[in-house]
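Following the working numbering, the numbering of the sequence shown begins with 2 at its first residue and continues without gaps.
The beta-carbon is built from N, C-alpha and C at its ideal position, and this holds for glycine as well.
Owing to the predicted nature of the structure, the values given are computational and were not obtained by experimental measurement.
Heads up: the structure comes next, in structure tokens.
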Amino acid sequence: MIAPPVDLSGANTLGLPSRADVVRVITDTAALAAAAEAARAAGQPLTVLGGGSNVVLRDRIPGLVCLMRTRGVSETPSGDSVLVTAAAGERWHDLVRRTLGRGLYGLENLALIPGAVGAAPIQNIGAYGVELSDRFVSLRAMDVDSGSLRTFDRADCRFGYRDSVFKSGEQGRWIIVEVTLALSRRPAPVIDYPDLLLELERLGWQAPSPVQVAEAVIRVRRRKLPDPRWTGNAGSFFKNPVVPADVGRRLAAAHDLTVRAGEGGAAKLSAAQLIDRCGWKGRSAGPAAVWSRQPLVLVNTGAARARDILGLAEQVRADVHRRFGVELELEPRVIGQD
Ligand SMILES: Cc1cc2nc3c(=O)[nH]c(=O)nc-3n(C[C@H](O)[C@H](O)[C@H](O)COP(=O)(O)OP(=O)(O)OC[C@H]3O[C@@H](n4cnc5c(N)ncnc54)[C@H](O)[C@@H]3O)c2cc1C
């Protein structure tokens with residue numbers, strides 16, 4: 002246990018100053034069970050953090066904060082696939098690199114996403130045409146209320162676009178301890194996402210290997226996204242809005258917008274385009290700014306606190322709503338109190 006109050010500014014990629022009452026670094030399931038038990042006994046809330054790359058931490062986080070640092074990856078052959086099980090505290094990008102290095106394919110499009118394995122199912126991480134749910138088999142999670150462990154299969158997780166049962170519905174109830182994915186020994190690159198395709202063409206890789214796909218993804222990401230080591234950010238701050246098909250058609254015609262097909266015949270708009278059209282790209286409000294190369298990303302330009310980032314997000318949301326009648330939803334989870 003780390004003595005209170007603990008500064009969490011190094012534990013969130015936005016670099017926001019935030020103090021926790023109590024922090025425990027979790028290195029095994031027994032320590033997690035003990036932490037959950039302690040929080041229950043004290044009647045305190047329990048917050049779990051992996052890499053802190055999808056959260057906005059307010060000034061104070063009451064109760065107990067668990068930093069997931071469990072380690073371990075195992076492989077089990079299963080027909081044409083290999084089932085890879087990784088502990089929640091493993092770094093996601095390390096898992097991508099490790100599996101590629103071992104000739105196990107399927108995660109290449111998800112290279113360089115920050116954070117830990119245990120957080121990947123929370124919002125069903127996705128990038129460049131692939132989502133976690135495409136490779137997902139099952140996970141094990143601890144019930145915060147009872148300390149008991151349960152296995153979730155894909156249907157139990159109710160994955161959606163940047164969503165799962167762990168983000169909507171039962172948020173905060175389950176702590177994911179390990180995740181199992183099915184990867185293939187046979188390469189089957191998914192390269193139809195426009196930015197990725199363009200990069201592969203630029204590199205002259207017409208029939209790319211999975212390692213080359215990962216390399217191309219990394220190049221695009223490095224060009225477009227700020228590196229949290231130097232510029233505090235939480236990746237995309239807004240989800241792409243999903244609207245009924247007829248609304249999508251009307252908006253596209255009225256404003257010349259890009260509309261893609263969403264789940265169940267719905268239309269998916271580009272939040273980046275809506276924000277850009279409102280003139281926010283590169284603009285700042287105090288110590289918070291909209292990233293100049295990708296308007297979906299809000300950055301901490303120096304000494305921002307949660308209220309600065311959320312204040313800017315609110316201005317952006319209000320402008321988009323005024324102009325297009327579309328509600329932007331925040332992607333990161335806002336935690337704590339000011
Ligand atoms: C530069 C940048 C680029 C990004 N690009 C992408 C992208 O391409 N695609 C994408 O989907 N996301 C992206 N993200 C967002 C983020 O990296 C992912 O959502 C990632 O999975 C978050 O992992 P984390 O460990 O940092 O989670 P945290 O920020 O620590 O936590 C996020 C949420 O998950 C909960 N949580 C964390 N671990 C557990 C656990 N073990 N059990 C239960 N709940 C848990 C937390 O309580 C919190 O609610 C990006 C972020 C950055 C900074």
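message: Between which residues of its own chain and ASP81 is the CB-CB distance below 8 Å, once the five residues before and five after are set aside?
response: SER185, ARG186 and ARG187
Inter-residue spacing [alpha-carbon to alpha-carbon] between GLY116 and ARG41: 27 Å
Spatial neighbours of ARG155 in its chain, beta-carbon cut-off 6 Å, leaving aside the 5 residues before and after: PHE137
task: Out of GLU202, GLY337 and VAL321, state which residue places its alpha-carbon closest to the alpha-carbon of GLU330.
output: VAL321
query: CA-CA distance, SER169 and GLY161?
result: 10 Å
- request: Report all residues from its chain with a CB closer than 7 Å to the CB of LEU15; omit the five preceding and five following residues, and keep chain order.
  value: VAL57, GLY233, ASN234, ALA235, ASN301 and ILE310
message: By the three-class DSSP mapping on this structure, what secondary structure does LYS168 have?
response: coil
Where ILE219 sits in the DSSP three-state scheme: helix
task: Tell me, please, which residues DSSP counts as bridged to VAL327.
output: DSSP output for VAL327 lists no bridge partner at all.
- prompt: Counting only runs that start and end within the region 231 to 279, where is the beta strand (DSSP E) found for 3 or more residues in a row?
  reply: 233 to 237, 260 to 262 and 268 to 270
task: Any chance you could list the alpha helix (DSSP H) runs of at least 4 consecutive residues sitting entirely within the region 2 to 52, in chain order?
output: 30 to 43
message: Alpha carbons only, please: which of GLN274, ILE276 and GLY303 is nearest the one belonging to GLY287?
response: GLY303
- request: Can you have a look at LEU50 and say buried or exposed, based on whether 16 or more other CB atoms are within 10 angstroms of its CB?
  value: buried
task: Under 8 Å by Cβ, that's how I've got ASN110 and VAL191 pegged, so tell me the actual separation to the nearest angstrom.
output: 6 Å
task: Assign TRP175 to one of three DSSP states: helix, strand, or coil.
output: strand
message: Restricting to Cα atoms, I'd like to know which of ALA36, LEU33, GLU91 and LEU65 is closest to GLY52.
response: GLU91
message: Here's a check: name, in chain order, each residue in its chain whose Cβ is nearer than 6 Å to the Cβ of LYS269, leaving out the five neighbours to either side.
response: ASN241, VAL243, ARG261 and GLY263
message: Let's test the definition: count the other Cβ atoms within 10 Å of the Cβ of LEU259 and tell me whether it reaches 16, buried, or not, exposed.
response: Position check: residue 259 holds Thr in this sequence, whereas Leu was assumed. With fewer than 16 Cβ atoms within 10 Å of its Cβ, THR259 is classed as exposed.
- request: Put ILE336 into one of helix, strand or coil per three-state DSSP.
  value: strand
Same chain only: Cβ atoms within 6 Å of GLY73, ignoring 5 sequence neighbours per side: ALA88
field: Cβ pair THR77, LEU65 closer than 9 Å
entry: no
task: Can you give me the start and stop residues for the beta strand (DSSP E) that VAL66 sits inside?
output: 61 to 69
- prompt: Under a three-way DSSP split, which group does ARG203 fall into?
  reply: helix
- request: Going by CA-CA distance only, name the one from ARG294, CYS67, ASN55 and ARG59 that's closest to ALA34.
  value: CYS67
- prompt: Is the beta carbon of PRO227 within less than 8 Å of some heavy atom of ligand 1?
  reply: yes
- request: Could you check how far apart the C-beta atoms of ALA246 and ALA217 are, in whole angstroms? I think they sit under 8 Å.
  value: Not really, about 32 Å apart at Cβ, beyond 8 Å.
message: Looking at ligand 1, does it come within less than 8 Å of ALA89, judged from the CB to the closest heavy atom?
response: yes
GLU202 beta carbon near ligand 2 (any heavy atom closer than 8 Å): Questions concerning ligand 2 fall outside what the structure shown contains, since the ligands it does hold are ligand 1.
message: I believe LEU140 touches ILE177 by the beta-carbon criterion, under 8 Å. Please report the beta-carbon distance rounded to the nearest angstrom.
response: 5 Å
- prompt: Under 9 Å between the Cβ atoms of VAL23 and GLN45?
  reply: yes
task: Compute the distance between the beta-carbons of ASP60 and ARG306, then report whether it is under 9 Å.
output: yes
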